[in-house]
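Residue numbers (my numbering): 114 to 250.
Below, the structure written as structure tokens:
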């Protein structure tokens, strides 16, 4: 896995994370933080951040943190289940995401990811299950 520094932007234009402008601010085995600026690209027709943008941000962060933790052991990680609860609308500013690992086993990690607006108000809450499997290099 290529090394990535703190605060990097996933800029690959041909993948979802880069297309939407997701940023990873901090990655660890127990926590992860990221954000995405609110632009028309992540809004739905009524001007609100699209529910899929929250889901994609949460899953990307949980996957990224898990992959970074298991890569050196010869494993890969990918999302297998995801539940998002939408609590408050965001129409401008930045979606801030903070995740914490709540379970870790040899084959599965589970993360809770809370997403807030610029005022720190909880807007969406997500639980993401990440499968860990051997890499086929």
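Using N, Cα and C, we set each Cβ at its ideal position, and we do this for glycine too.
Everything numeric in this text was worked out from a predicted model, so none of it was measured.
### Query
The alpha helix (DSSP H) spanning residue 218 covers which residue range?
Residue mapping note: residue 218 aligns to position 105 of the chain shown, counting from 1. Element bounds for residue 218: n/a, residue is neither H nor E.
### Message
Which residues does DSSP list as the beta-bridge partners of residue 197?
### Response
Numbered from 1 along the chain shown, position 84 holds the residue referred to as residue 197. Within the DSSP bridge table, the entry for residue 197 names 239 as partners.
**Message:** Please give the ranges of any beta strand (DSSP E) in the segment 116-178, keeping only runs that are unbroken, at least 3 residues long and fully inside the region.
**Reply:** 136-140, 144-150
Next on the checklist: I believe residue 182 touches residue 244 by the beta-carbon criterion, under 8 Å. Please report the beta-carbon distance rounded to the nearest angstrom.
Outcome noted: On the chain shown, residue 182 is found 69 positions in, with the first residue counted as 1. On the chain shown, residue 244 is found 131 positions in, with the first residue counted as 1. With a contact defined as Cβ atoms closer than 8 Å, residue 182 and residue 244 miss out at about 14 Å.
_When you compare the CB of residue 168 with every CB in chain B, is at least one pair closer than 7 Å?_
Among the chains of the structure shown, chain B does not appear; only one protein chain is present.
Open item on the list: Using only CA atoms, which one of 209, 240, 180, 145 lies nearest to residue 234?
Closed with: Your numbering for residue 234 matches position 121 in the chain shown. Nearest C-alpha to residue 234: 209.
Practice prompt. Would you please state the rounded distance, in angstroms, between the beta carbons of residue 226 and residue 171? I believe it to be under 8 Å.
Written response: The residue you call residue 226 lines up with position 113 of the chain shown. The residue you call residue 171 lines up with position 58 of the chain shown. Sure, about 4 Å apart at Cβ, within 8 Å.
**Message:** Considering only their Cβ atoms, is the gap separating residue 143 from residue 219 smaller than 7 Å?
**Reply:** Here residue 219 is taken as the residue at index 106 of the chain shown, counted from 1. Here residue 143 is taken as the residue at index 30 of the chain shown, counted from 1. No, they are not a contact pair.
Any idea what DSSP makes of residue 114, helix, strand or coil? Taking the first residue of the chain shown as 1, we reach residue 114 at position 1. Caution applies to residue 114, whose pLDDT of 49 falls short of 50 and renders its modelled position unreliable; the value that the coordinates give is listed next. Looking at residue 114 - three-state DSSP - the assignment turns out to be coil, as it is neither helix nor strand.
In three-state terms, what does DSSP make of residue 234?
Taking the chain shown and counting its residues from 1, one reaches residue 234 at position 121. If DSSP states are grouped into helix, strand and coil, residue 234 belongs with coil.
Hey, out of 148, 211, 152, 130, whose CA is closest to residue 141's CA?
The sequence position of residue 141 within the chain shown is 28, counting from 1. Ranking the options by Cα distance to residue 141, first place goes to 211.
Taking residue 193 and residue 161 to be in contact with their CB atoms under 8 Å, please state how far apart those CB atoms are, rounded to whole angstroms.
Start at 1 with the first residue of the chain shown, and residue 193 comes out as number 80. Start at 1 with the first residue of the chain shown, and residue 161 comes out as number 48. 28 Å between Cβ atoms; not a contact.
Taking just the CA atoms, how far does residue 145 sit from residue 222?
For the purposes of this step, residue 222 is taken as residue 109 along the chain shown, with counting starting at 1. For the purposes of this step, residue 145 is taken as residue 32 along the chain shown, with counting starting at 1. Between residue 222 and residue 145, the C-alpha separation is close to 13 Å.
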